[in-house]
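Here's the structure, in structure tokens; my notes come after.
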Amino acid sequence: MRNQQLTKGKVKTVLRYKSIDVTKLKDAITQYGTDQWNIISVKVFKSEVSPESLKRYYLEWERKRKRWWESQNEQLVRAVFDTCKKNQLALPLDAIDITTPTEKETAKALLEKIDVADILNKDHWQTIAENVSGEHTASECRERWIRMQSGQGAWDRIFGRLTSTQNSNNYYNNNDNNNIDSDQSIISESVNSLPAARIRWSSEQSRRLEKIVIATRGSPSWKRHGWENVSKLMNHEFTRQQCKSRWIRLLGESKVSHTNNTDANTDTNINNDNNNMYSRSNCGWLSQWSRGEIEHLIMGIHEFGFNWGDTQQKWVQGRTTKSCHAKWRTLNAKLHLEMKIRQNPWSKVCTDIYGDEMGKILAELPERWPTICDERKNVKSQ
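Going left to right, the sequence shown walks through residues 930 to 1311 as the working numbering numbers them.
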């Protein structure tokens, strides 16, 4: 929308943007796709909205749509449990006809390996998506469930234990005539056990933390109960992990001098090397890993296996052995999570993410974790 205003004898053009009809935009995207913004702008919006504005509005709306709220997490867990119960997809151990102890142990082992994401089909996930508020698709609900089971984040760790065999069996064994929702107690307990919301540290609290750590870290019980004592001295305003994380950040933000300072007056200084045992630079976490460093780490593991000392000395000299080990565990976990989401074998996921050359090297690495995708591939080949 263009309006003209007269200012001191000159005509000034003022741009005014009106809100876009979301329903009309959704229908247009369904009809033309997400790569025909010029056509959508001309035919649907009569050139009143530019293609760039339409694309920007769509990306913002898509970003908000894909976000998962706490209430939606609860609805997803409830919908998955109800779908499994309605279709009798997972039975308790007592309902299985077992005659011998050997068959009982075998059935128990199989029951503990039940994965809801693999049991439910597309129609089941579509039903689950309809029972979750918002506009999440069936594939997004399945991906969210898998990520919840992987234990990433506070909510994911809590809801991941809802899929355990014991809790599932208790749910399936409840009488349908009960007035109390059978999974309400589990969900309520999980909600109550959520960690406290993130609290911003004030400058006064940071200074108090610094004084407490410097005063107590020389005690004999520091290695075992150090951060617990710090949390108590902070009046439990923060957990021990929050105190430790804040201390590491304080040390990382300070400009640490890597020189041998023998001045006695610097014993209580946060910049002293003696107080730098948790600094990011000493832990090899001074910066994010680049793509080249990741490739060098993969080449080192391919050559030396899990001998982190040799890998660090030859391939990743800018990192510590602890940092190399931690980075490999992170990469390995992410790759296996992508395997489960994409339902592709290990070699295919490695090739898609790191290319043909690095993918082949990753596929040959020793002691890979066993995966459901590889087992499926072997069954199909037979």
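Ideal placement from N, C-alpha and C gives every residue a C-beta, glycine not left out.
For residue i, which residues from the same chain have a beta carbon less than 7 angstroms from its beta carbon, with the 5 sequence-adjacent residues on both sides left out?
| i | result |
| --- | --- |
| C1253 | L1226, W1237, T1240, Q1241, V1245 |
| Q1055 | A1067 |
| V1278 | L1264, E1267, M1268, R1271 |
| P1149 | none |
| Q1171 | none |
| T1012 | L1049, H1053, T1056, I1057 |
| A1292 | W1275, S1276, C1279 |
| W1218 | K1256 |
| T1168 | S1160 |
| S976 | S970 |
Give the DSSP-derived three-state secondary structure of residue i in the structure shown.
| i | result |
| --- | --- |
| G1063 | coil |
| H1165 | coil |
| T1240 | helix |
| S1160 | helix |
| G1147 | coil |
| E1222 | helix |
| L1294 | coil |
| Q1272 | coil |
| E989 | helix |
| W1257 | helix |
| T1012 | helix |
| F1235 | coil |
| W998 | coil |
| E1003 | helix |
| G1284 | helix |
| E1332 | Only positions 930 to 1311 of the chain appear in the structure, and residue 1332 is not among them; the question remains open. |
| G1229 | helix |
| T1249 | coil |
| N967 | helix |
| D950 | coil |
| S1132 | helix |
| K975 | coil |
| L1180 | helix |
| Q1217 | coil |
| G962 | coil |
| L1264 | helix |
| L1049 | coil |
Excluding the five sequence neighbours on either side, which residues of its own chain have a C-beta within less than 8 angstroms of the C-beta of residue i, listed in chain order?
| i | result |
| --- | --- |
| D1052 | none |
| E991 | none |
| R994 | G1063, E1064, H1065 |
| T1145 | W1151, G1155, N1158, V1159, L1162 |
| I1290 | I1227, M1228, H1231 |
| E1069 | K995, A1058 |
Report all residues from its chain with a CB closer than 6 angstroms to the CB of residue i; omit the five preceding and five following residues, and keep chain order.
| i | result |
| --- | --- |
| W1130 | R1175 |
| Y961 | I968, I969 |
| K984 | W966 |
| K1184 | The predicted model places K1184 with a pLDDT of 42, which falls under 50 and marks its position as unreliable; any figure quoted below should be read in that light. Cβ within range, chain order: n/a, list empty. |
| T1197 | Note that T1197 scores 38 on pLDDT, short of 50, meaning its location in the model is unreliable; the coordinates nonetheless yield the value given after this. Result list for T1197: I1143, in chain order. |
| D1285 | none |
| K1173 | W1156 |
| E1072 | I1270 |
| K939 | Any reading at K939 needs caution, since the residue's pLDDT is 47, under 50, leaving its predicted position unreliable; the model's value is listed next. Within the same chain, K939 has no close Cβ partners at all. |
Going by the CB atoms, is the gap between residue j and residue i shorter than 8 angstroms?
| i | j | result |
| --- | --- | --- |
| P980 | W998 | no |
| N1060 | Q1001 | no |
| H1231 | L1294 | yes |
| I958 | Y987 | yes |
| E1224 | M1287 | yes |
| G1229 | K1243 | yes |
| K953 | V978 | no |
If we cut at 8 angstroms on Cβ distances, does residue i have a partner in chain B?
| i | result |
| --- | --- |
| I1282 | The structure shown has no chain B; it contains just one protein chain. |
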